[in-house]
Amino acid sequence: MTIKECRTMAGLTCTQVAAMMGIPVLKYKKYENDASKMSIIEAKLFSRIVGVDYDDIFFARYSI
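Residues in the sequence shown are numbered from 2 upward in steps of one, following the numbering used here.
Below, the structure written as structure tokens:
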């Protein structure tokens with residue numbers, strides 16, 4: 002699943018996730034458009050925040 006799907010399922014806003022990760026909201030929003038830019042440390046932190054196993058989150062770039 003995408004990071005946006007994970008965030009939504011966790012009931013969190015972009016602002017909340019960004020604050021928990023200690024990054025600017027605009028940077029987090031860019032990650033929702035292209036999660037491949039996220040560092041491994043940020044990706045694992047995001048995984049813990051939303052409660053979804055790291056291996057179940059799609060961090061590659063994709064297009065719709």
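From the three backbone atoms N, C-alpha and C, an ideal C-beta is built for every residue, glycine too. All values reported here derive from a predicted model rather than from experimental measurement.
Taking the C-alpha atoms as reference points, what is the distance between residue i and residue j?
| i | j | result |
| --- | --- | --- |
| residue 31 | residue 7 | 15 Å |
| residue 20 | residue 26 | 8 Å |
| residue 39 | residue 52 | 17 Å |
| residue 43 | residue 61 | 14 Å |
Using a 10 Å radius around the Cβ and a threshold of 16 neighbouring Cβ atoms, would you call residue i buried or exposed?
| i | result |
| --- | --- |
| residue 36 | buried |
| residue 58 | buried |
Which of the three DSSP states is assigned to residue i in this structure?
| i | result |
| --- | --- |
| residue 13 | coil |
| residue 47 | helix |
| residue 39 | coil |
Give me, in chain order, the residues of the same chain whose beta-carbon lies closer than 7 Å to that of residue i; leave out the 5 immediate sequence neighbours on both sides.
| i | result |
| --- | --- |
| residue 29 | 15, 18, 19, 22 |
Looking only at its chain, what residues have a beta carbon closer than 8 Å to the beta carbon of residue i, apart from the 5 residues adjacent to it on each side?
| i | result |
| --- | --- |
| residue 45 | 55 |
| residue 3 | 33, 36, 58, 59, 63 |
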